[in-house]
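Inspection log for the structure reproduced underneath, given as structure tokens.
Residue numbers (the numbering used here): 1240 to 1325.
Here's what the structure looks like:
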């Protein structure tokens, strides 16, 4: 938390970016952002966190979409089986 206060709005942006880009496990970054409401202006917190989260979510989408193409050839037979089952 002190690190986020030290870096200011850039820290809020980075916390939101890292929290949103995580594909394998979710990070509870919104709790930290909420707690910083006393230290910073709420409107600029929302802007920094929103931009960071948006870029992070888009990056996660691009990683997943690109990863699907890279893995699809390897697991094509298993995916066909799952497609028939479901």
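Ideal Cβ placement from N, Cα and C applies to all residues, glycine included.
Check: Distance CB(residue 1271)-CB(residue 1294) smaller than 7 Å; Outcome: no
Check: Separation of residue 1303 from residue 1320, as counted between CA atoms; Outcome: 21 Å
Check: Residue 1263 versus 1289, 1306, 1245 and 1249, residue with shortest Cα-Cα distance; Outcome: 1306
Check: Boundaries (first-last residue) of the alpha helix (DSSP H) holding residue 1255; Outcome: 1248 to 1260
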